[in-house]
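> This is the structure I want to talk about, given as structure tokens.
Protein chains: 2
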Amino acid sequence: MNKLVEKKPAHTHPARPTATSERSCTVCAVEEFNFCAAVGVALKTGTGDVPCLLPLGAVAQKISARRIICHLNERSESVPVICQGWAALTIALPGGRRQILSFLLPGDTVSMAYLFGPMPGRIVDAITDVTFRSFKRYDLQTLLFKDADFFETVMKAWVEEEERSVQLTVDLGRRTADERLARLILTLAGRLTKRGMMRDLSMEFPLRQHHIADATGLTPVHVSKVIGEFQRADLIEINNRSLTIVDLVALRRVGGIY
Amino acid sequence: MNKLVEKKPAHTHPARPTATSERSCTVCAVEEFNFCAAVGVALKTGTGDVPCLLPLGAVAQKISARRIICHLNERSESVPVICQGWAALTIALPGGRRQILSFLLPGDTVSMAYLFGPMPGRIVDAITDVTFRSFKRYDLQTLLFKDADFFETVMKAWVEEEERSVQLTVDLGRRTADERLARLILTLAGRLTKRGMMRDLSMEFPLRQHHIADATGLTPVHVSKVIGEFQRADLIEINNRSLTIVDLVALRRVGGIY
DNA sequence: CGGGCAATTGAAATACATCAAGGCGTGTGG
DNA sequence: CCACACGCCTTGATGTATTTCAATTGCCCG
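Protein chains in written order, with this note's numbering: chain A, 40 to 297; chain B, 40 to 297.
Below, the structure is given as structure tokens:
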């Protein structure tokens, strides 16, 4: 029943997410904030020690890169939480323009606001192959009012989320391409660090340049040029889907962080 | 004690906000959402009919245009709610750059997130002369957990707030100056309509062009040019601090709304 | 081997910023 | 009452960051 040694589906692109084995969320390797764990702790009756017990019947699903995980319609009742891989919360405009509102890393959910109301027009799409669990909005809302700790965790996460959102707004409104790029790298590094996903100053970096472009409000072409400059200036180094920060101080200076 | 006929302080610029008479919040003329009213209703014991009774000891204060209403530090405990006039929630960067996150109209408070956590670096400044009331964060939090209706009102408002914030992000990231301008005007008109502050298609428009610039991520100079075009194209008309939408359909088309 | 996605690079176009000058209205001080 | 300064808006000339267009390469995978 448990297909633990599941080959990566490579390029088969299954149309529907595949239900996989139900392992402990510890594989998330999320050290800091972990939504699943928060739910798990909230539901724990007091004896057990396992952080995430699929408490609300959320089954882990797999979906491969470049596919849409879900739409955040009024109709949608499920709240996906990323277990493994990277995803993007995206809003698409007529004319092919897109804006990425945030990158979702293991332990993240879409948005805390989504527990309280719909987010029309937004979609979650998988950047890498992604493993995620879907909770039911209604269940989470119920839990929210039953468990004060969970409530506080969620509110705190919401405030942090809003802070990041505001920083993005400022980036797009008032900062140059260089600043935006530097800051994107730095905030990603910070978030990965909290999750124990940085080795020294290098990280897995699965983003395609069009993802970066959509997150920073730039063009893929321009992103390519700026990243080229950064590498030539020995600020960063990118090799086969891995980014390492070569000169942290200089990168922070470019990002306007003092 | 009640100085009802208080002359507008013109240009005296008092250093501290002046406490004024405590009138009913009905002068806000806010029809749709009204934070004060929500608090008032939440506190009503069931008999009275007056919407806002200064329930938590919030005294109306006046402050004149171009002054800072408050900083949203960790230290700050007060939550201002606008009664009359326009204010701006602003974030200032080193180098004189500024980004306006939202315009605060009568009935608005700073941000729902602010009830749950600090918003470092943000300030509220008065665009026009402003009358406002300051609640204590702690009081509001307490009320939040006592009154389910108030809680729901706040959460709903938070979700709406987030929606506007996302739209701003998309504007700054992926839309042209024309689109941004058109959309700013349209959303302001929409919000004012809900408050009963539109006559037909015209509204008071106290914004200086640098406010518009800071809200749209543009330069005052460029704002001037675009507004000039809009007027020459008979989309809008601006006369002594009043804006009227001449061609709504065309304006919506420019804003990319179909 | 071929096809599609991704990245790079250069040349040209453009949207917007910067710089600079002038006008207009309004409060201020002589 | 006038002169003046100041904030605000406008307008034109110039500069620049970023986009758009186009061609090329590499790579992965079938």
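Positions of the beta carbon are idealized from the N, C-alpha and C atoms, including for glycine.
Because the structure is a prediction, the values reported are computed rather than measured.
(1) At a cut of 8 Å, does the stretch 261-281 of chain B reach the stretch 242-250 of chain B through at least three beta carbon pairs?
(2) Who are the Cβ neighbours of A/N112 in its own chain at under 8 Å, not counting the five residues just before and after it?
(3) To the nearest angstrom, report how far apart A/D188 and B/D253 are at their CA atoms.
(4) Is there at least one Cβ from chain B nearer than 7 Å to A/I251's Cβ?
(5) I need the DSSP call for B/I139, collapsed to helix, strand or coil.
(6) For a quick check, are the C-beta atoms of A/V118 and A/R176 less than 7 Å apart?
(7) Residues of the stretch 108-121 of chain B with a CB closer than 8 Å to any CB of chain A: list them in chain order, please.
(8) Taking a contact to mean a Cβ-Cβ separation below 7 Å, would you say B/V120 touches B/C75 in this structure?
(9) Give the DSSP-derived three-state secondary structure of B/R62 in the structure shown.
(10) Which one or two residues does DSSP pair with B/M242 in a beta bridge?
(11) Name the chain B residues that come within less than 8 Å of A/K195, Cβ to Cβ?
(12) Excluding the five sequence neighbours on either side, which residues of its own chain have a C-beta within less than 6 Å of the C-beta of B/L225, listed in chain order?
(13) I need the boundaries of the beta strand (DSSP E) containing B/L257, first residue and last residue.
(14) Can you tell me whether DSSP reads A/R105 as helix, strand or coil?
(15) Name, please, each residue of chain B whose Cβ falls closer than 9 Å to the Cβ of A/L179.
(16) Are the C-beta of A/L207 and some C-beta of chain B separated by less than 7 Å?
(17) I want to know whether the stretch 130-147 of chain B touches the stretch 203-212 of chain A - three or more CB-CB distances under 8 Å.
(18) Between B/A126 and B/D168, how many whole angstroms is the CB-CB distance? I'm expecting something under 8 Å.
(19) Determine the direct distance from the alpha carbon of A/Q100 to that of A/Y153, and round the result to whole angstroms.
(20) Check the Cβ-Cβ distances between A/V98 and every residue of chain B, and say whether any is below 7 Å.
(21) Are the beta-carbon atoms of B/I162 and B/I107 separated by less than 7 Å?
(22) Does A/E218 get closer than 7 Å to chain B when you measure Cβ to Cβ?
(23) Taking the DSSP output, what are the residues bridged to B/T148?
(24) Would you mind telling me which residues of chain A sit closer than 7 Å to B/E201, beta carbon to beta carbon, in chain order?
(25) Where do the ends of the alpha helix (DSSP H) carrying B/S204 lie?
(26) Rounded to the nearest angstrom, what separates A/P133 and B/D217 at their Cα positions?
(27) Counting only C-beta atoms, is A/L290 closer than 7 Å to chain B at any point?
(28) Using 10 angstroms around the beta-carbon of A/H249, count the other beta-carbons present and answer buried if the total reaches 16, otherwise exposed.
(29) What is the DSSP secondary structure of A/V265, counted as helix, strand or coil?
(30) Can you confirm whether B/V198, when its beta carbon is compared against all beta carbons of chain A, has any partner nearer than 7 Å?
(31) Taking 6 Å as the limit between beta carbons, can you name the residues of its chain near B/A221, skipping five residues before and five after?
(32) Who are the near neighbours of B/E276 in its chain, counting only those whose CB is closer than 8 Å to its CB and skipping five residues on each side?
(33) So if DSSP puts A/F171 in a beta bridge, which residue, or which two residues, is it bridged to?
(34) When you compare only the Cα positions, how much space is there between A/V98 and B/R238?
(35) Going along the chain, which residues of its own chain have a beta-carbon closer than 7 Å to the beta-carbon of B/A77, five neighbours each way excluded?
(36) How would you write the range of the beta strand (DSSP E) that B/D164 sits in, first residue to last?
Let me lay it out:
(1) In short, these stretches touch, since the Cβ pair count reaches three.
(2) Translated into positions along the first sequence, residue 112 of chain A becomes position 73. Once the five neighbours on either side are set aside, the close Cβ partners of A/N112 are P157, P159.
(3) By one-based count along the first sequence, residue 188 of chain A stands at place 149. By one-based count along the second sequence, residue 253 of chain B stands at place 214. Taking the straight line from one Cα to the other gives about 39 Å.
(4) As a first step, residue 251 of chain A must be located in the first sequence, where it is residue number 212. Answer no: the Cβ-Cβ gap between A/I251 and chain B never drops below 7 Å.
(5) As a first step, residue 139 of chain B must be located in the second sequence, where it is residue number 100. If DSSP states are grouped into helix, strand and coil, B/I139 belongs with the strands.
(6) As a first step, residue 118 of chain A is located in the first sequence; it is residue number 79 there, counting from the start. As a first step, residue 176 of chain A is located in the first sequence; it is residue number 137 there, counting from the start. Yes, the Cβ-Cβ distance between A/V118 and A/R176 is below 7 Å.
(7) none
(8) What you label residue 120 of chain B is simply residue 81 of the second sequence in a count that begins at 1. What you label residue 75 of chain B is simply residue 36 of the second sequence in a count that begins at 1. Yes. Within cutoff.
(9) On the second sequence, residue 62 of chain B is found 23 positions in, with the first residue counted as 1. A caution first: B/R62 carries a pLDDT of 44, below 50, which makes its placement in the model unreliable, though a value can still be read off. Three-state result, B/R62: coil.
(10) Numbered from 1 along the second sequence, position 203 holds the residue referred to as residue 242 of chain B. The beta-bridge partner set that DSSP reports for B/M242 consists of B/L282.
(11) Here residue 195 of chain A refers to the residue found at position 156 when the first sequence is read from its first residue. The contacting residues are F155, G156.
(12) To locate residue 225 of chain B, count along the second sequence from 1; it is residue 186. Around B/L225: G294.
(13) On the second sequence, residue 257 of chain B is found 218 positions in, with the first residue counted as 1. No beta strand (DSSP E) contains B/L257, which DSSP labels as neither H nor E.
(14) Here residue 105 of chain A refers to the residue found at position 66 of the first sequence. A/R105: coil per DSSP, three-state reduction.
(15) Locating residue 179 of chain A in the first sequence gives position 140, counting from the first residue. Going along chain B, no residue has its Cβ under 9 Å from A/L179, so there is no contact; the nearest lies around 13 Å.
(16) To locate residue 207 of chain A, count along the first sequence from 1; it is residue 168. By this cut-off, A/L207 is an interface position.
(17) yes
(18) Walking along the second sequence from the start, residue 126 of chain B turns up at place 87. Walking along the second sequence from the start, residue 168 of chain B turns up at place 129. About 10 Å; that fails the 8 Å criterion.
(19) For this step, residue 153 of chain A is matched to residue 114 along the first sequence. For this step, residue 100 of chain A is matched to residue 61 along the first sequence. Roughly 20 Å separates the two Cα atoms.
(20) By 1-based counting over the first sequence, the position of residue 98 of chain A is 59. Answer no: the Cβ-Cβ gap between A/V98 and chain B never drops below 7 Å.
(21) Taking the first residue of the second sequence as position 1, residue 162 of chain B is located at position 123. Taking the first residue of the second sequence as position 1, residue 107 of chain B is located at position 68. Against a cut-off of 7 Å, the Cβ pair of B/I107 and B/I162 comes out as a contact.
(22) The count along the first sequence starts at 1 and reaches residue 218 of chain A at position 179. Closer than 7 Å: no.
(23) As a working note, residue 148 of chain B is residue 109 in the second sequence. In the DSSP output, where bridge partners are listed per residue, B/T148 has B/V120.
(24) Position 162 of the second sequence, counted from the start, is the residue given in the question as residue 201 of chain B. Residues of chain A passing the Cβ test: A152.
(25) If you number the second sequence from 1, residue 204 of chain B lands on position 165. Start and end: 187-213.
(26) By 1-based counting over the first sequence, the position of residue 133 of chain A is 94. By 1-based counting over the second sequence, the position of residue 217 of chain B is 178. Approximately 16 Å, taken between the alpha carbons.
(27) As a position in the first sequence, residue 290 of chain A is number 251, starting the count at 1. So no, A/L290 is outside the interface.
(28) As a working mapping, residue 249 of chain A is identified with position 210 in the first sequence. Exposed, by the Cβ-count rule.
(29) Within the first sequence, the letter at position 226 stands for residue 265 of chain A. Note: A/V265 maps to helix in three-state DSSP.
(30) Walking along the second sequence from the start, residue 198 of chain B turns up at place 159. Chain A contact via Cβ: present.
(31) The residue you call residue 221 of chain B lines up with position 182 of the second sequence. The answer, listed in chain order, is L290, V293, G294.
(32) Along the second sequence, one-based indexing puts residue 276 of chain B at 237. Taken in chain order, the residues that qualify are Q270, L282, T283, V285.
(33) In the first sequence, counting from the first residue as 1, residue 171 of chain A sits at position 132. Per the DSSP secondary-structure output, A/F171 pairs in a beta bridge with A/Q100, A/I121.
(34) The residue labelled residue 98 of chain A in the question sits at position 59 within the first sequence. The residue labelled residue 238 of chain B in the question sits at position 199 within the second sequence. Whole-angstrom Cα-Cα distance: 54 Å.
(35) As a first step, residue 77 of chain B is located in the second sequence; it is residue number 38 there, counting from the start. Spatial neighbours of B/A77 in its own chain (CB-CB distance under 7 Å, excluding positions within 5 residues in sequence) are listed in chain order as F189, T192.
(36) Along the second sequence, one-based indexing puts residue 164 of chain B at 125. B/D164 -> beta strand (DSSP E) spans 161-165.
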